[in-house]
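Visitor: Input: one structure, supplied below.
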Amino acid sequence: MHEMGIAMQLLRVVEESLPPGEPVRLKSIRLRLGKLTAVVPGSLRMCMEIVAKDTVAEGATLEFDEVPVRLACRDCGAETTVEQPPFVCGSCGGKKVDVVGGREMIVESIEVEDLPASGSSNNEDKPNAN
Amino acid sequence: MQIKVVRDVLDANKTVAGQMRAEYADLGVFVLNLMSSPGSGKTTLLQKTLAALSGQLKIAVIVGDICTTNDAERLAKSADVPVTQICTDAFGGDCHLAAHVVREAAAGLTLAGLDLLIVENVGNLVCPAEFDIGEDKRAVVLSVTEGEDKPLKYPLMFQVCDVALLSKVDLLPHLDYSVKLARQAIQDVHPGLTVIEVSSKTGQGLEAWYAWIIQQVKEKKEQRAGDQGGGG
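Respectively, the protein sequence lines represent chains Y and U.
Each residue of the first sequence is one higher than the one before, starting from 46 at the first, in the numbering used here.
Each residue of the second sequence is one higher than the one before, starting from 2 at the first, in the numbering used here.
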């Protein structure tokens, strides 16, 4: 499935982005997703649930910033967005266009919260706590 | 606490693809990623291509399928060229080829001295378009039995390709198919894309396809000569 392979790569990028040495819980992942990638957010969420099981990303929410298809026109120089084909300049109707936006699949940021370090912040466990 | 990341989800694949692209460039090998939906006639077209060009170009082929080595066996019978089959079920049944599996397959070939490396991707109009495998150019095969609006349904594939082959045109007398509509759909998602109508059965259009390949190989060699001559 398209989104499953992407979810596995996404997990890898997220794991590599965590602060080293600190126990954290991953709360959310913000993804910038271009419309041309044809990634269905709901399917990606489902696949992430599967791949994230028993990992630091388990339970993290996926948030999406969707990026429209953006065309740069070599005729008039304008940059315009399109919702669907035909991919022609929205300003002059020209066909000499380059796709400059809409193919993104970028992990923008992650939200983490610190986990209590074991045996240090929980007073019930500390023999010297008052 | 928010941590800014700004990393491409597929950066691992892009890194490997970039490394392979540099290696191919250094050797002057033109790499073609051949993609399509299943059943478009990709392998038959490739059989014809190898038979026609293997006398004048040094070619190797990497074939990707989820299962079976059928395509590699067919291609190996067409011409005396090295053919390596990747079965992605060994890698979890991927529906596309990724850069690292192509790198592994390429490691089993002698790339030095090659003019042309063709990678026949897994039959799929969605995922292969996302995964850079270090290729120079991408070709998509669309058969006339698939519906004129396929380019509109799979815009990314047709956007990223450098040439589109409209295949099985020998069947047109038996179909209610509009080549004009199909060409229009392709132009709607990729204005200016080169489209070649071909029939592996009758040979129609194949000379134009071969000429396109030969031109790409020539340009790759000229680019390499330019890069090496212009250094320092």
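Note that the Cβ used here is the ideal one computed from N, Cα and C, for glycine as well.
Could you name the residues of chain U that V152(Y) contacts, counting a contact when the two beta carbons are closer than 7 Å?
Guide: Near V152(Y) (Cβ distances below 7 Å), the residues of chain U are V6, R8, V10.
Visitor: Hey, how far is the Cα of P172(Y) from the Cα of P161(Y)?
Guide: A caution first: P172(Y) carries a pLDDT of 46, below 50, which makes its placement in the model too unreliable to give a value.
Visitor: Taking the Cβ atom as the reference point for each residue, do G139(Y) and R115(Y) lie within a distance shorter than 7 Å?
Guide: No.
Visitor: So, with DSSP's three-state summary, where would you put G50(Y)?
Guide: helix
Visitor: Between R75(U), W210(U), T111(U), which has its C-alpha nearest D163(U)'s C-alpha?
Guide: W210(U)
Visitor: So who's on the other strand from A140(U), going by DSSP bridges?
Guide: Its beta-bridge partners are L35(U), V164(U).
Visitor: Hey, how far is the Cα of A73(U) from the Cα of D66(U)?
Guide: If you take the alpha carbons of A73(U) and D66(U), they lie about 10 Å apart.
Visitor: Can you tell me which of K202(U), L28(U), A183(U) puts its alpha carbon nearest to the alpha carbon of R226(U)?
Guide: Reading the sequence as shown, one finds Ala at residue 226(U) and not Arg. Selected option, being the one with the closest Cα: L28(U).
Visitor: Which residues, in chain order, does the region 48-62 of chain Y contribute to contact with chain U at a C-beta distance below 7 Å?
Guide: G50, I51, Q54, L55, R57, V58, S62
Visitor: Which residue comes first and which comes last in the alpha helix (DSSP H) that contains I155(Y)?
Guide: Element bounds for I155(Y): not the alpha helix (DSSP H) but the beta strand (DSSP E), 150-159.
Visitor: Residues in the same chain with beta-carbon distance under 8 Å from A77(U), minus the five sequence neighbours each way, listed in chain order, please.
Guide: V84
Visitor: Starting from C92(Y), trace the alpha helix (DSSP H) both ways and give me its first and last residue.
Guide: Per DSSP, the unbroken alpha helix (DSSP H) holding C92(Y) starts and ends at 86-97.
Visitor: By the three-class DSSP mapping on this structure, what secondary structure does Q129(Y) have?
Guide: If DSSP states are grouped into helix, strand and coil, Q129(Y) belongs with coil.
Visitor: Indicate the three-state DSSP secondary structure (helix, strand or coil) for I214(U) in the structure shown.
Guide: helix
Visitor: Helix, strand or coil for F248(U), going by three-state DSSP, please let me know.
Guide: Residue 248(U) lies beyond the range of chain U shown here (2 to 233); nothing can be said about it.
Visitor: Hey, how far is the Cα of F132(Y) from the Cα of H191(U)?
Guide: 7 Å
Visitor: Contact criterion: CB-CB distance below 7 Å. Does M36(U) meet it with respect to chain Y?
Guide: So, not an interface residue.
Visitor: Quick one: give me the first and last residue of the beta strand (DSSP E) that A99(U) is part of.
Guide: Looking at the DSSP string, A99(U) is not in any beta strand (DSSP E), and its letter there is neither H nor E.
Visitor: Which residues in chain U have a C-beta closer than 8 Å to the C-beta of K140(Y)? List them in chain order.
Guide: Q188, P192, G193
Visitor: Show which residues of chain U have a CB atom less than 7 Å away from the CB atom of P130(Y).
Guide: L153, P156, D189, V190
Visitor: With DSSP run on the structure shown, which of helix, strand or coil describes C128(U)?
Guide: helix
Visitor: Among the candidates R8(U), L46(U), L157(U), whose CA atom is the shortest distance from the CA of E198(U)?
Guide: Of R8(U), L46(U), L157(U), the residue nearest in Cα terms is L46(U).
Visitor: Please list the terminal residues of the continuous alpha helix (DSSP H) segment that includes S73(Y).
Guide: No alpha helix (DSSP H) contains S73(Y), which is instead part of the beta strand (DSSP E) from 69-79.
Visitor: Can you tell me which of T111(U), Q3(U), K15(U), V7(U) puts its alpha carbon nearest to the alpha carbon of G135(U)?
Guide: K15(U)
Visitor: For the region 150-159 of chain Y against the region 60-71 of chain Y, do three or more pairs of beta-carbon atoms, one drawn from each stretch, fall closer than 8 Å, so that the two count as touching?
Guide: yes
Visitor: Can you give the Cα-Cα distance for Y173(U) and A102(Y), rounded to whole angstroms?
Guide: According to the sequence as given, residue 173(U) is Leu; it is not Tyr. Roughly 52 Å separates the two Cα atoms.
Visitor: Leaving aside the five residues before and after N125(U) along the sequence, list all residues of the same chain whose C-beta is less than 8 Å from its C-beta, in chain order.
Guide: M36, S38, P39, C96, H97
Visitor: When the Cα atoms are used, what is the spatial distance from R104(U) to V17(U)?
Guide: Near 8 Å, if we compare the C-alpha coordinates of V17(U) and R104(U).
Visitor: If we count the other Cβ atoms within 10 Å of its Cβ and call it buried at 16 or more, is C121(Y) buried or exposed?
Guide: exposed
Visitor: Does the distance from the CB of F31(U) to the CB of K221(U) come in under 7 Å?
Guide: yes
Visitor: Does any C-beta atom of chain U lie closer than 7 Å to the C-beta of L81(Y)?
Guide: Output row for L81(Y): interface = yes.
Visitor: Just tell me which of A130(U), V170(U), M158(U) has its CA closest to the CA of T146(U).
Guide: V170(U)
Visitor: Using three-state DSSP, classify G146(Y) as helix, strand or coil.
Guide: strand
Visitor: Give the straight-line distance between the Cα atoms of D116(U) and G56(U), rounded to the nearest whole angstrom.
Guide: 12 Å
Visitor: Counting only C-beta atoms, is V180(U) closer than 7 Å to chain Y at any point?
Guide: no
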